[in-house]
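A.B. asks:
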Amino acid sequence: MISRRTALGGLLAAGALAAPRFASAQGSTTLPHPGRFGVETFSLANGLRVVVLPSARAPVVLHMVWYEVGGADEPAGQSGIAHFLEHLMFKGTQKTPPGEFSKIVARSGGRDNAFTSHDYTGYHQTVAADRLEMVMEMEADRMTNLVLTDKEVIPERDVVLEERRSRIENSPAALLDEAAREAMFGRRGYGIPVSGWPDEIRKLGVAEAIAFYRRFYAPNNAILIVAGDTSVEAVRRLAEKHYGPIARREVAPRVRSDQPGELPRLLVRRDQRVRQPQWGRDFLAPSYRMGETRHAYALQVAAQIIGGSQISRLYRSLVVEKKIAVGAYAGYSAGALGLSSFGFSATPAPQGDIATVEAAMTEEIDRFLQGGAREDEIVRAKRRLVAATVYARDSLATGPRLFGLAMTTGRTAADVIAWPDRIMAVTAAEIEAAVRAVLVPTRAVTTHLLPAET
Amino acid sequence: MSGFASRLAWLLAAIVALASPMAQAIDIKPLVSPGGIRYWLVEDTTVPIISITFSMAGGALLDPVGKEGTASLLSRVLDQGAGPHDASTFKTLQDDAAARLGFWAGAERFGGSLRMLRDQRAQSIELLRLALAEPRLDAEAIERQRRATISGLRRNEESPGSIASRTLYRATFGEHPYGRQVDGTATSVGAVTPEDLKALAARQLTRNRLIVAVVGDTNAQDIGPLLDQAFGALPPGDSVPEAPVWSPPPPRSGGRLLTVQRPMPQSIALMSLPGMKRDDPDWYAATVMNYVLGGGGFNSRLMNEVRDRRGLAYGASSRLSYYAQGGVFTASVATMNERVAESIAIIRAQFDLMARDGVTERELAEAKQYLVGSLALTLDSTAAIAGLLHQMQADNLAPDHLTRRRELIERVSADDVRRVARRLLRDDALTIVVVGQPVGLTATE
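Residue numbers (my numbering), protein chains in the order written: chain A, 3 to 456; chain B, 247 to 691.
1. Compare the C-alpha of Glu-235(A) against each of Phe-44(A), Thr-448(A), Glu-434(A), Pro-443(A) and name the closest.
2. Closer than 7 Å, Cβ to Cβ, to anything on chain A: give me those residues from the region 384 to 397 of chain B, in chain order.
3. Could one say the Cβ of Asn-172(A) lies closer than 7 Å to chain B's Cβ atoms, at least one of them?
4. Starting from the beta carbon of Glu-88(A), find every residue of chain B whose beta carbon is closer than 7 Å, and list them in chain order.
5. If distances are taken between C-alpha atoms only, which option among Met-302(B), Ile-274(B), Val-679(B), Gly-619(B) comes closest to Val-486(B)?
6. Got a sec? Which residues, its chain only, sit under 8 Å from Ile-170(A) by beta carbon, not counting five neighbours each side?
7. Helix, strand or coil, according to DSSP, for Gly-436(B) in the structure here?
8. Report yes if the CB atom of Glu-354(B) is closer than 7 Å to the CB atom of Leu-320(B), and no otherwise.
9. Name, please, each residue of chain A whose Cβ falls closer than 9 Å to the Cβ of Asp-309(B).
10. So, is Thr-690(B) buried or exposed, given that buried needs 16 or more other C-beta atoms within 10 angstroms?
11. If you measure beta-carbon to beta-carbon, which residues of the region 278 to 293 of chain B are closer than 9 Å to chain A?
12. From the DSSP output, read off the bridge partner residues of Pro-350(A).
13. When the distance is taken between beta carbons, is Asp-121(A) closer than 7 Å to Leu-341(A)?
14. Determine the chain B residues that contact Tyr-331(A) at a beta-carbon separation under 7 Å, and present them in chain order.
15. By alpha-carbon positions, which one of Ala-476(B), Asp-365(B), Arg-553(B) ends up nearest to Gly-462(B)?
16. Where in the region 514 to 563 of chain B do unbroken runs of the alpha helix (DSSP H), each at least 4 residues long, occur, reported from the N-terminal end onward?
17. For Met-66(A), list the residues DSSP reports as bridge partners.
18. Can you find the residues in the same chain that come closer than 7 Å, C-beta to C-beta, to Asp-474(B), ignoring five residues on each side of it along the sequence?
19. Taking only beta-carbon positions, decide if Tyr-537(B) is within less than 7 Å of chain A.
20. May I have the straight-line CA-CA distance separating Met-292(A) from Val-257(A), to the nearest angstrom?
21. Name, going along the chain, the residues of the region 315 to 340 of chain B whose beta-carbon falls closer than 7 Å to a beta-carbon of chain A.
22. With C-beta atoms as the reference, is Val-681(B) less than 7 Å away from Arg-508(B)?
23. Is Gln-639(B) helix, strand or coil when you go by DSSP?
24. What are the start and end residues of the beta strand (DSSP E) that includes Arg-283(A)?
25. Quick one, which of Thr-418(B), Tyr-285(B), Asp-273(B), Gly-327(B) has its alpha-carbon nearest Arg-59(A)'s?
26. Within 7 Å (strictly less), CB to CB, does Thr-391(A) reach chain B?
27. Assuming contact is defined by CB atoms lying nearer than 7 Å, are Ala-327(A) and Thr-295(A) in contact in what I supplied?
28. Counting only the same chain and skipping the five closest in sequence on each side, list residues whose C-beta sits under 6 Å from that of Val-107(A).
29. Where does Ser-168(A) land, buried or exposed, given buried means 16+ other C-beta within 10 angstroms?
30. Find the nearest neighbour of Asp-160(A) within the set Glu-202(A), Ser-173(A), Ala-142(A), Val-440(A), judged by alpha-carbon distance.
31. What is the residue span of the beta strand (DSSP E) that Leu-287(B) lies within?
32. Quick one: list the residues of chain A neighbouring Leu-376(B), beta-carbon separation under 7 Å, in chain order.
33. Just tell me which of Ile-631(B), His-331(B), Glu-551(B), Thr-299(B) has its CA closest to the CA of Arg-346(B).
34. Considering only their Cβ atoms, is the gap separating Tyr-69(A) from Thr-123(A) smaller than 7 Å?
35. Identify every residue that forms a DSSP beta bridge with Gln-512(B).
36. Report yes or no: is there a C-beta of chain A within less than 7 Å of the C-beta of Tyr-415(B)?
In structure tokens, the structure reads:
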């Protein structure tokens, strides 16, 4: 995911990060929390789904709109258009002059930004509670009234190209990651960088942006999330007033390929800018929505056990005992509309050797495949995952992210609420079946990031 | 409604928007525990969580010459086993209590934080006590963290942003301790012995200028005894370490330009000028100036000129940073090699313009609205509020500072901003570092 100004710190890296834990009240969409936190969802007649997470800690609200569109929905030859449009959404409407959106928010003491991933695009503002209507009015306005001219669009295209240079082209690790995605998913969908390819970005203009906007930006293709010092009644009233009048528009269902790229693959990148080698291996994996989805929860527990912390198997074996690496991790996120991946990474110790690290990582993965997980490991991993739910509730932004991510990748608010229970229900047998189905060497991309040969 | 009329309505709505009195919503209590530990508390029962942030004077200032990174290494080893528990057991106990404990070393302070569930607070505090009072500093844990540190330093060695920042620090601070990297270098971290770490732990982990901030689901009766448990056994410590006085580099007509050649498509430029200390009477005038110039994100002059109007960069920004003995004002931009000279020229022209004319009344009003109103937006978690309480104490501010801050900001005049701009934005004091393959720039040294 990339964002307009700053990366939202680790939002998606923590894909397994827990959801707020709510007790569900039968027969009602209101799900009061045992503490002082609740969530309510409803829909407007035009199809806009609304999530409200009240919290009275400070007189502040977070207002977000997530669209069900991302880099994987781009027409062939127009890579980067979803992200480019995200930038252009700040270029004005009849009511809000170009560049004024963020300035108006700032003048109210607020902050705003936006982000784009393969599956979704989001816009958010954090403002004083009494400014909620103002940002809602502006956000609703640009949902349907965007005005674009060459004068604004052409310099912004250069901005997007500079952003790509900063994030990708100036970083050998990011370039290797881009190649690994293409190997994993093919030259389509998730295999195409969200930032786009420079030669295709240079061809994008007003016409392409407006066509994409008309195709995907509609109330029935969006989720409104409001968190903080507000009430469900207030949000409902304001949403009806500002988003309610926007007409529903036919949006074609999104398509994700269930075909992998060319697997298995070994990608070696040697670069004179690299001083610290890095090893990685990603296995094609199901998500909550595609592939063998029944494994999605068990894989999250498995990733914790193998490589989710400093007491995981990989860290203990490679870093603490063998001392051949300084870091060794596993990670898996199930939140995607299409297929996902189950990833491993390791950083060889200084003077260490990438082949030794690769052999040790492979050995630990094989050991897990053969022996499965111990009961005490499973208990600890689940506790660790679910404990994060309480910490997630401590921040204004985490809950909205979890709901936004889920609801733009084919899940519901109820799925988010049920997450801790589903994690707790995972069994040893399910973990064993899941890792055997997924950690298959013929469906992996292995990466070696190395210094230039001398 | 016509486009013009509604447009005007928008702008007016924004201008009359008054910053809410949110900062005052936080009730900061300066307290003393039964055992004499001073701390600031904000009770917040939103979620059953308690966050503690604390620090002691010291940090990288205490690093011996040639062993830079000692304090940083100590911060990494401190949670790797304590009392009867080795590293794995200690981590497991943290996990079992769902406690999140970590330590850090800064340029002038050494500290840590603990986030814990309310009903696990006794177990969590005991882990903090053990780490502070009975750290093991096992040779094996030290070597493991040393390897990880050196690996991290190597990873950054060729990262363009890191090269630029190291070069700029060196050029700005020279041999002064502020010019060091807090994490040290591969060589200096390699030279740190277990004895060095033990000696530093004895000197650093004291009640000497201990600052403690507590936020969350607790109160004075509840947390006081727990703070005594965590910190009460620490020795008082001897003297408060202080950095030597820092003198900025001598002025040079036209400023200094350093280039570092690297094969990259985009150049990174960092620009620095001597700034000011946090207690400077002109601090808030400088804060307003920085906001208008480059601190205000999409609302800043640099962003408008470099990004919005010309598409030269993803971002251009500036900031004020400070230490006990001085401060710096820095600006940064990243632009393709062929056009980086243009970006730098635009930023310098903006510096000159600000020094000559200052800010408009409208810019001044908007900056004040943002600076007053935005603070509360950052206070969205117990950890964030604890961080603010900690910083206020480190800056020697009073508990009612959030109220006073508003007055101080609102009192800043356009004349104040122009005066401070003339003082800070001096062409002959400017140091520029460019990393990449910049076209059309000639280094001065």
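Beta carbons: idealized from backbone N, C-alpha and C, even for Gly.
These numbers come from a predicted model, not from an experiment.
C.D. replies: The structure says:
1. Phe-44(A)
2. Arg-390, Arg-393, Ala-394, Ile-396, Ser-397
3. yes
4. Those within 7 Å of Glu-88(A) in chain B number zero; the least Cβ separation is about 13 Å.
5. Met-302(B)
6. Ala-176, Leu-177, Glu-180, Pro-195, Ser-197
7. helix
8. no
9. Residues of chain A passing the Cβ test: none, with the nearest at roughly 21 Å.
10. exposed
11. Asp-290, Thr-291, Thr-292, Val-293
12. Ala-327(A)
13. no
14. Within 7 Å Cβ-Cβ: nothing; Tyr-331(A) doesn't reach chain B, min ~13 Å.
15. Asp-365(B)
16. 529 to 536
17. His-126(A), Ile-227(A)
18. Ser-279, Pro-280, Gly-281, Ile-283
19. no
20. 11 Å
21. Ser-334, Lys-337, Thr-338
22. yes
23. helix
24. 280 to 287
25. Asp-273(B)
26. no
27. no
28. Asp-114, Gln-127
29. buried
30. Glu-202(A)
31. 284 to 289
32. Within 7 Å Cβ-Cβ: nothing; Leu-376(B) doesn't reach chain A, min ~17 Å.
33. Thr-299(B)
34. yes
35. Met-582(B)
36. no
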